[in-house]
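Note that this note's numbering has the sequence shown beginning at 235, numbered continuously upward.
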Amino acid sequence: MAVVLNGFGLRAPKLQGFVDQLPDLALFHAASNDFGGDIPRLAGLEYMYELNVGDDVPAHTTSTKLGAYVRGGGDFVYPCVTAHIRVTFRFGVGNGKDGGILPTGVTDSKVLLLNNDNLSGPLQANLGFSKVSYLALANNKLSGPIPPSISHLQHSLLELLLLNNQLSGCLPHELGMLTKATVIDAGKNQLTGPIPSSFSCLTSVEQLNLGGNRLYGEIPDVLCKLAAGPAGRLANLTLSSNYFTSVGPSCLSLIKDGVLNVKNNCIPGLANQRRPAECASFHSQPKICPAATATHVACPAAAAPADRVAKDYSSYVTYATLHE
Numbered sequence: 235m236a237v238v239l240n241g242f243g244l245r246a247p248k249l250q251g252f253v254d255q256l257p258d259l260a261l262f263h264a265a266s267n268d269f270g271g272d273i274p275r276l277a278g279l280e281y282m283y284e285l286n287v288g289d290d291v292p293a294h295t296t297s298t299k300l301g302a303y304v305r306g307g308g309d310f311v312y313p314c315v316t317a318h319i320r321v322t323f324r325f326g327v328g329n330g331k332d333g334g335i336l337p338t339g340v341t342d343s344k345v346l347l348l349n350n351d352n353l354s355g356p357l358q359a360n361l362g363f364s365k366v367s368y369l370a371l372a373n374n375k376l377s378g379p380i381p382p383s384i385s386h387l388q389h390s391l392l393e394l395l396l397l398n399n400q401l402s403g404c405l406p407h408e409l410g411m412l413t414k415a416t417v418i419d420a421g422k423n424q425l426t427g428p429i430p431s432s433f434s435c436l437t438s439v440e441q442l443n444l445g446g447n448r449l450y451g452e453i454p455d456v457l458c459k460l461a462a463g464p465a466g467r468l469a470n471l472t473l474s475s476n477y478f479t480s481v482g483p484s485c486l487s488l489i490k491d492g493v494l495n496v497k498n499n500c501i502p503g504l505a506n507q508r509r510p511a512e513c514a515s516f517h518s519q520p521k522i523c524p525a526a527t528a529t530h531v532a533c534p535a536a537a538a539p540a541d542r543v544a545k546d547y548s549s550y551v552t553y554a555t556l557h558e
């Protein structure tokens with residue numbers, strides 16, 4: 235059974251007592267209404283697959299030891315009892331109204347879509363989403379470093395959107411351990427450092443965007459080789475608006491093919507680069523990030539061969555939600 239009530243202007247003090255009384259319910263969408271209370275307990279709904287209650291409740295403050303919080307356009311409490319359901323959650327809280335935090339304790343969720351929600355503050359030191367396949371946090375105000383615990387998602391994560399936040403610190407080598415990911419987008423942040431050698435392990439990646447940061451050093455030729463040969467899947471590599479200073483032969487080939495974008499960097503001999511004075515000013519600043527090869531990572535077996543095709547962004551789950 236599917237119940238879709240998006241935008242109906244409905245009002246009720248709570249959803250508990252309604253949603254949980256529909257034993258055949260598989261999908262419940264009720265965004266852009268005026269429902270209050272906690273997210274209902276769903277442990278008895280064996281077919282439940284997707285819950286979308288974004289934008290539903292006026293902002294208020296709530297606290298409980300039973301679960302995590304989602305603050306923004308509505309504050310819902312997520313009871314831990316539901317964490318064992320095979321559920322895909324779509325949270326759409328806030329959409330720019332009030333601040334918010336990334337929900338925790340939803341370890342069995344497969345999809346967490348929190349784009350455009352005015353979320354602020356750092357990512358948790360322990361992300362904990364051990365089974366998440368699609369994690370979208372684009373267009374928020376998240377700050378601080380990408381935690382090393384991102385590597386906990388290496389067996390499940392297929393798409394990661396961190397685009398357009400305020401994330402800072404060194405680009406972590408743990409991102410290179412997300413070997414099942416087809417999308418990794420951390421563009422338009424304040425990340426710095428060289429690209430770690432572990433990124434050569436990203437044999438499944440099709441869309442890799444690190445543009446609009448403060449990255450520097452050489453663009454690793456081994457990264458560009460992910461687009462080469464019969465097993466190469468990398469279709470778009472965006473490294474523009476950083477401070478890279480050199481590229482290897484494989485990367486030069488990708489630039490010619492339109493796969494690699496290195497505009498607005500500091501690479502001698504290439505067109506559309508930063509002014510020399512701007513590059514000199516950046517490179518004169520102290521650098522605290524480890525060298526690209528500081529951490530050795532043994533790559534797992536390469537992904538199965540696949541055709542290198544530049545897909546439309548709307549064909550990816552996370553990108554398709556950016557304008558919902």
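We put the CB at the ideal spot given by N, CA and C, even for glycine. This one's a predicted model, so the numbers in the text were calculated from it and none came from an experiment.
Residue state for Pro382 is assigned as helix, using DSSP reduced to three classes.
By the neighbour-count criterion, in which a residue is buried when 16 or more other Cβ atoms sit within 10 angstroms of its Cβ, Ile522 is exposed. Look at Tyr450 here: in three-state DSSP terms it is strand. Every beta strand (DSSP E) of 3 residues or more that sits fully in the stretch 369 to 453 is shown, in chain order, as 375 to 378, 393 to 395, 400 to 404, 417 to 419, 424 to 427, 441 to 443 and 448 to 453. Counting C-beta pairs with one atom in each stretch, the stretch 351 to 359 and the stretch 369 to 380 have three or more that are closer than 8 Å, which means they touch.
Here DSSP, grouped into helix, strand and coil, assigns Phe269 to strand. Each residue's CA atom was taken as its position, placing Cys435 and Met411 some 7 Å apart. The beta carbon of Cys500 sits closer than 7 Å to the beta carbons of Tyr477, Phe478, Thr479, Gln507, Arg508 and Cys513 from its chain, once the five residues preceding and following it are set aside; these are given in chain order. Proximity to Asn470 across Arg448, Leu494 and Pro483 peaks at Leu494, based on C-alpha coordinates. Under the three-state reduction of DSSP output, His263 falls in the strand class. If you check the CB distance, Ser474 and Lys490 do not come in under 7 Å. Note on geometry: alpha-carbon atoms of Val253 and Leu392 lie some 30 Å from one another. Shown here, Pro524 sits in coil according to DSSP, grouped into three states, outside any helix or strand.
In this model, Asn447 and Leu405 are separated by some 10 Å (Cα to Cα). In this structure, the beta-carbon distance from Leu376 to Asn399 falls below 7 Å.
Taking the Cβ atoms as the reference, Leu401 lies roughly 6 Å from Ile380, within the contact range of under 8 Å. For the set Gly243, Leu279, Val366 and Tyr547, the Cα lying nearest the Cα of Ala260 is the one of Leu279. A straight-line Cα-Cα distance of about 12 Å links Thr529 and Leu409. Rounded to whole angstroms, the separation of the alpha carbons of Gln388 and Pro534 is 11 Å. Rounded to whole angstroms, the Cβ separation of Lys422 and Leu397 is 6 Å, and the two are in contact under 8 Å.
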